[in-house]
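Undergrad: Numbering (this note's numbering), first residue to last: 3 to 117. Glycine included, each C-beta is placed from N, C-alpha and C at the ideal position. Sharing a structure, written as structure tokens. Questions coming.
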């Protein structure tokens, strides 16, 4: 499955992101995980999508840190390879931020990007 693939893709979670995911799923039913995917759209061509889910697909990549689990489908992992998932809370607001080395441009809000 996916543990070896996760190592190959080098997608990482910061401590802040893992902590925030743990906080979010604490109020959800047991087994809830964060799914991150990449879809067409957004102001730069692709956009990140964040969903809470309760099941793992057989081909999902699972990124784990502490008690936090992030699921990424095989198509999205191609776009996210080498990325770092962080959580920031600043004057502009609180949100997950993805530092994606594959993105050649991104929008100001940080939720869409171009390749």
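What separation, rounded to the nearest whole angstrom, lies between the Cα atoms of residue 97 and residue 56?
TA: Whole-angstrom Cα-Cα distance: 21 Å.
Undergrad: For residue 83 and residue 100, what's the separation of their Cα atoms in angstroms?
TA: Using only the alpha carbons, I get a separation of about 11 Å.
Undergrad: Could you please give the first and the last residue of the uninterrupted alpha helix (DSSP H) stretch that includes residue 80?
TA: Run containing residue 80: 76–82, per the alpha helix (DSSP H) assignment.
Undergrad: Quick one: what's got a C-beta closer than 6 Å to residue 61's C-beta in the same chain, skipping five residues either side?
TA: Closer than 6 Å at the Cβ level, and outside the excluded window around residue 61, lie 76.
Undergrad: State the start and end residues of the unbroken alpha helix (DSSP H) segment that holds residue 18.
TA: Looking at the DSSP string, the run of the alpha helix (DSSP H) that includes residue 18 is 17–28.
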